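K.L.:
Heads up: the sequence shown runs through residues 1043 to 1454, numbered per our numbering. All C-beta atoms, glycine included, are put in the ideal place defined by N, C-alpha and C. Every value quoted in this text rests on a predicted model; they were computed, and no experiment measured them.
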Amino acid sequence: MTDARFEISAGFLPLLDSALLVAAREKGFAAAEGIALTLVRETSWANIRDRLAVGHFQVAHMLAPMPIACNLGLTPLAATTVVPMALGLGGNAITVSNALWRDMVGHGTSADLSPRAAGDALRGVVADRVRAGAAPLRFAVVHPHSGHNYELRYWLAACGIDPDRDIEIVILPPPLMADALGSGSLDGFCAGEPWNTAAVMLGHGRIATVKAKIWRSSPEKVLGADARWAEANSDALAALLRAIHHAAQWCASPANHAELAGIMAAPAYVGRPADWMLPALSGQLRTSADSSVEVDDFFMPQARAATFPWKSHALWFYSQMVRWGQAGHSTENAAIARDTYRPDLYRAALKPLGAALPGANAKVEGALPTPTPVGSAGASLVLGPDGFFDGGLFDPDDLDGYIAAQRMAGGG
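#1: Under 8 Å, Cβ to Cβ, is there at least one residue of chain B near residue 1397?
#2: So what does DSSP say about residue 1210, is it helix, strand or coil?
#3: Would you tell me roughly how many angstroms separate the C-alpha atoms of residue 1080 and residue 1067, rounded to the nearest one?
#4: Starting from residue 1326, trace the beta strand (DSSP E) both ways and give me its first and last residue.
#5: How is residue 1429 classed by DSSP in three states: helix, strand or coil?
#6: Where residue 1157 and residue 1051 are concerned, what is the direct C-alpha to C-alpha distance, given to the nearest angstrom?
#7: Let me know the beta strand (DSSP E) ranges lying completely inside the region 1229-1306, each 3 residues or longer, listed in chain order.
#8: Counting only the same chain and skipping the five closest in sequence on each side, list residues whose C-beta sits under 8 Å from that of residue 1084.
#9: For residue 1444, count neighbouring Cβ atoms within 10 angstroms of its own Cβ and tell me buried if that reaches 16, exposed if not.
#10: Starting from residue 1412, trace the alpha helix (DSSP H) in both directions and tell me its first and last residue.
#11: Looking only at DSSP bridge pairs, what is residue 1152 linked to?
#12: Nearest-angstrom Cα distance between residue 1381 and residue 1397?
#13: Could you tell me which of 1313, 1305, 1262 sits nearest to residue 1189, measuring between CA atoms?
#14: Kindly give me the distance between the Cβ atoms of residue 1111 and residue 1363, rounded to whole angstroms, as I take these residues to be in contact under 8 Å.
#15: Pick out whichever of 1206, 1126, 1378 has its Cα sitting closest to the Cα of residue 1116.
#16: Please report the residue range of the beta strand (DSSP E) in which residue 1111 lies.
#17: Given residue 1452, which residues of its chain have a CB within under 8 Å of its CB, disregarding the five upstream and five downstream residues?
#18: Can you give me the start and stop residues for the alpha helix (DSSP H) that residue 1380 sits inside?
#19: Less than 8 Å between the C-beta atoms of residue 1435 and residue 1376, yes or no?
#20: Taking the alpha-carbon positions, what's the residue 1130 to residue 1284 distance?
#21: Among all the DSSP beta bridges, which residues are the ones paired with residue 1103?
#22: Quick one: what's residue 1455 bridged to in DSSP?
#23: Expressed to the nearest angstrom, what Euclidean distance is found between the alpha-carbon atoms of residue 1304 and residue 1325?
#24: Are the beta-carbon atoms of residue 1132 and residue 1254 separated by less than 8 Å?
#25: With C-beta atoms as the reference, is residue 1267 less than 8 Å away from residue 1246?
#26: Is the beta carbon of residue 1071 sitting closer than 8 Å to the one on residue 1371?
#27: Going by C-alpha to C-alpha distance, which of 1385, 1342, 1394 sits closest to residue 1428?
#28: Let me check understanding here. Comparing Cα to Cα, which of 1086, 1431, 1057 lies closest to residue 1214?
#29: In the DSSP assignment, the alpha helix (DSSP H) including residue 1121 goes from what residue to what residue?
#30: Which residue's Cα is closest to the Cα of residue 1399: 1123, 1387, 1149, 1421?
#31: Can at least three beta-carbon pairs, one atom from the region 1131-1149 and one from the region 1336-1351, be found at a separation below 8 Å?
#32: Roughly how many angstroms separate the alpha carbons of residue 1495 and residue 1418, rounded to a whole number?
#33: Are the Cβ atoms of residue 1178 and residue 1208 separated by less than 8 Å?
#34: Taking one C-beta from the region 1409-1417 and one from the region 1382-1393 each time, how about it: are there three or more such pairs within less than 8 Å?
#35: Just curious, the beta strand (DSSP E) that residue 1175 is in, first and last residue?
#36: Please determine, among 1248, 1385, 1162, the residue with the shortest C-alpha to C-alpha distance to residue 1331.
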């Protein structure tokens, strides 16, 4: 594009939730904003983080907690990173091997993706293995500073399983998860789509539960931007946010799902069959070779303020870093985490479009059992349902109390 006003390079991993960036480029939304958007497929989240730090990318498809970890100094090489936009809600699942699923069935798990039933059954399997002197089960997540790690640990702990003592958690890039499960190297994993569907389609495993049932309407990936670049190129960043906003609207329409699946299946993006993308887009999850379960909010690219960078999301991730011993809790660290997410940048970019803009920067997480209209600028806005499967609430105004309660409950 010779007439582009802005040139932006963005890194991404081959996951369905990179769709907003991909659609922004492939459907012309970036070009319409005067952006020559270059998308670079990477192989690991560590590479994404490091290449943003050394200036290869100006922005990136990132794990939602990763920019917070960068700004807290928890990584060896990191640029100060801001989050001006989220890239959707949900999209993850926990998949187990066929052998582990059979053992869980023996302990009463259900086929409806219930986190409680699956967790209670897994606790029974763990206890059996301890009595038999067997090695701990091995689960994989994609990065230590990932929603996958924190939601897996939250689920396990709420079901009476100590994630640091009762099982082993290892790190593996998402495209390797299904093959590792099939080879017997893993007993389970938590990853984004299409890699859970891949494990099912290849006959390697069974989806046991999903992020959308562990914590409904919960954050997953974000747009991370180098803070120095964002400050020096505010017009370019705003243009990109508008392009992604239009892409999110396009991705959310069921009429576009078949086309989106085809785009994502291309070798430059996910590089796997389009049929592997459709279950997450439609909400009809293939949980095993012969069964499906409807989860209509499995992945939400646009509804429920899905792209808004809530400061309460940032603070919940920070609370989990503290809970599991990755960071110390202090007023200063909490402020760093909170200020990583930048709803001010989001509002400034999207206000001219009349987009639905939440009136608040943070909310009580888990407080909306039903869809609820909320105050907003621009278009009307409905949030929820949200909620943690164990009935928990996270009030960002009582961060100290939440962290103290988690310490009492165990972890860290």
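P.N.:
Once the coordinates are examined:
#1: The chain inventory of the structure shown lacks chain B, comprising one protein chain alone.
#2: strand
#3: 8 Å
#4: 1326-1330
#5: strand
#6: 38 Å
#7: 1230-1234, 1247-1252, 1263-1268
#8: 1053, 1054, 1055, 1090, 1093
#9: buried
#10: That residue, residue 1412, is in no alpha helix (DSSP H); it is neither H nor E in DSSP.
#11: Bridge partners of residue 1152: none, in fact.
#12: 23 Å
#13: 1262
#14: 7 Å
#15: 1378
#16: Unbroken run through residue 1111 is the alpha helix (DSSP H), 1108-1113; no beta strand (DSSP E).
#17: 1199, 1204
#18: 1373-1382
#19: no
#20: 15 Å
#21: 1265
#22: Residue 1455 lies beyond the residue range present for the chain, which begins at 1043 and ends at 1454; the question has no answer from this structure.
#23: 17 Å
#24: yes
#25: no
#26: no
#27: 1342
#28: 1086
#29: Segment: none, residue 1121 is in no alpha helix (DSSP H) and carries neither H nor E.
#30: 1421
#31: yes
#32: This structure cannot speak to residue 1495, because the chain is shown only from 1043 to 1454.
#33: yes
#34: no
#35: It is not in any beta strand (DSSP E) - residue 1175 carries neither H nor E in the DSSP assignment.
#36: 1248
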